[in-house]
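Participant: Here it is, the structure, as structure tokens.
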Amino acid sequence: MAGFVSSMLVLIVQLHLLLFIAAPLFQQFSLATARPLMASSDGEKFSSMKYHKGHLLTGNITVNLIWYGKFKPTQRAIISDFFISLSSSVHNHPSVSTWWKATQKYYYQPINNSPHSALTLTLGNQFLDETYSLSKSLSTSQIVQLASKGSHRNAINVVLTAPDVTVDGFCSSRCGTHGSAAAAPVVKSKGSKIYKYAYIWVGNSETQCPGQCAWPFHQPMYGPQSAPLVAPNGNVGMDGMVINLASLLAGTATNPFGNGYYQGPAEAPLEAASACAGIYGRGAYPGYAGELLKDESSGGSFNAYGINGRKYLLPALFNPKTSSCEALV
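Mapping the sequence shown onto my numbering, position 149 (from 1) lands on 229, and the numbers just tick up by one.
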């Protein structure tokens, strides 16, 4: 079993090496798992998550959504409800907020004898670009251009691209990415100050590569073959986006500027969620997402309850205290 786990981790690292793209105008650090079939059993011990002495996101942070292309209101609601659920209490458990609280383990590690302050997320503005202002084919730098529409201070700006939008590397090597960009200098009495803001991009893979970026809600393109699970919100593309968004959000919080928490080399980091790729429940292994909850009426598979009766499938997170991947169920 140890040899199997070791070989799978090597393969994950090799995939992340293929996924990394460098850009001169901004910083980009982490990618959503483009091959989520690379899984090891829940609870397996991995190498430690090293802290690289940089900043984590702390305090009150606003999440702004930039919708690029055509999305139905019902589709947008799936994503906005997810973000609101991160800080909302619901009667049923496990909840989305319980999943998010697991990232607090990174904030209370004994770093320089003073723990980082907690992070609170609030859903902010939503921007609609239904006219494809930058065309239906986007470069990585254009993703950052779109992200700049949101606030540049104390913000995470999330770009979501529609199924008919192609992005450099999408499907061929990645499902999304996160990084940071510099805002315009702010002039003050003692000089100017440059702020950085975090951004995330995730594409809707429903028509382009659901077997890669929406697994386990679609038959996998590679690896062990298993029957796809039913998407809990009835939309393969959007439920797949939630998985990748959740993974990237955890990475953004704990490694926003490339010098926070991660395993492996800086150019191909394994972060809080990407270190646990493909694990969603107990007993997960390549091609099997693990033991999950099932909605009796829709048949949808999930592991977290959200607001407005939502159900979501969220990735396991790496526990820095136990050096293991922990899923909600």
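Beta carbons: idealized from backbone N, C-alpha and C, even for Gly.
Out of curiosity, what's the CA-to-CA distance linking Leu145 and Thr246?
Facilitator: In the sequence shown, counting from the first residue as 1, residue 145 sits at position 65. In the sequence shown, counting from the first residue as 1, residue 246 sits at position 166. Rounded to whole angstroms, Leu145 to Thr246 spans 19 Å at the Cα level.
Participant: Would you call Ser175 buried or exposed, if buried means 16 or more other Cβ atoms sit within 10 Å of its Cβ?
Facilitator: Taking the first residue of the sequence shown as position 1, residue 175 is located at position 95. So Ser175 ends up on the buried side.
Participant: Where does the unbroken alpha helix (DSSP H) through Lys181 begin, and where does it stop?
Facilitator: The residue given as residue 181 occupies position 101 in the sequence shown. It spans Val176 to Lys181 - the alpha helix (DSSP H) in which Lys181 sits, taken as one unbroken run.
Participant: Quick one: is Glu286 buried, meaning 16 or more other Cβ sit within 10 Å of its Cβ, or exposed?
Facilitator: Counting from 1 along the sequence shown, the entry for residue 286 is found at position 206. The residue in question, Glu286, is buried, as its Cβ has 16 or more Cβ neighbours within 10 Å.
Participant: Helix or strand or just coil, what does DSSP make of Thr113?
Facilitator: As a position in the sequence shown, residue 113 is number 33, starting the count at 1. Its pLDDT being 35, under 50, Thr113 is placed unreliably by the model, and the measurement read from it follows with that caveat. Here Thr113 sits in coil by DSSP.
Participant: Quick check on DSSP: helix, strand or coil for Phe297?
Facilitator: Position 217 of the sequence shown holds residue 297. Of the three classes helix, strand and coil, the one that applies to Phe297 here is coil, per DSSP.
Participant: Pick helix, strand or coil for Cys289, following the three-state DSSP scheme.
Facilitator: Translated into the one-based positions of the sequence shown, residue 289 becomes position 209. In the structure shown, Cys289 sits in coil (DSSP, three-state: anything other than H, G, I, E or B).
Participant: Take the Cβ of Arg60 as the centre, count every other Cβ of all protein chains shown within 10 Å, and call the residue buried at 16 or more, exposed below.
Facilitator: One cannot answer for residue 60 here, as it falls past the ends of the chain, which runs 81 to 409.
Participant: What are the start and end residues of the beta strand (DSSP E) that includes Asn140?
Facilitator: The count along the sequence shown starts at 1 and reaches residue 140 at position 60. It spans Gly139 to Tyr148 - the beta strand (DSSP E) in which Asn140 sits, taken as one unbroken run.
Participant: Using DSSP with H/G/I as helix, E/B as strand and the rest coil, what is Leu199?
Facilitator: On the sequence shown, residue 199 is found 119 positions in, with the first residue counted as 1. DSSP places Leu199 in strand when its eight states are reduced to three.
Participant: Count the CB pairs spanning the region 318-338 and the region 146-160 that are closer than 8 Å, and state whether there are at least three.
Facilitator: The region 318-338, when compared against the region 146-160, does touch it at the 8 Å Cβ threshold.
Participant: Report all residues from its chain with a CB closer than 8 Å to the CB of Asp161; omit the five preceding and five following residues, and keep chain order.
Facilitator: Within the sequence shown, the letter at position 81 stands for residue 161. Same-chain partners within the cutoff: Gly386, Ile387, Asn388 and Arg390.
Participant: Quickly, what does DSSP pair Cys405 with across the bridge? List them, please.
Facilitator: Position 325 of the sequence shown, counting from 1, holds the residue named residue 405. Answer by DSSP bridge pairing, in chain order: Phe398.
Participant: Look at the alpha carbon of Leu309 and the alpha carbon of Trp281, and state the distance between them as a whole number of angstroms.
Facilitator: In the sequence shown, counting from the first residue as 1, residue 309 sits at position 229. In the sequence shown, counting from the first residue as 1, residue 281 sits at position 201. One C-alpha to the other measures close to 25 Å.
Participant: Rounded to whole angstroms, what's the CA-CA distance from Glu406 to Asn383? Just pull it up for me.
Facilitator: Taking the first residue of the sequence shown as position 1, residue 406 is located at position 326. Taking the first residue of the sequence shown as position 1, residue 383 is located at position 303. Looking at the two C-alpha atoms, the distance is approximately 12 Å.
Participant: Mapping the DSSP letters down to three states, classify Gln225 as helix, strand or coil.
Facilitator: As a first step, residue 225 is located in the sequence shown; it is residue number 145 there, counting from the start. Reduced to three states, the DSSP call for Gln225 is helix.
Participant: Quick check: the Cα distance between Gly134 and Gly379, rounded to an integer number of angstroms?
Facilitator: Counting from one through the sequence shown, the residue named residue 134 turns up at place 54. Counting from one through the sequence shown, the residue named residue 379 turns up at place 299. When rounded, the distance between both Cα atoms is 43 Å.
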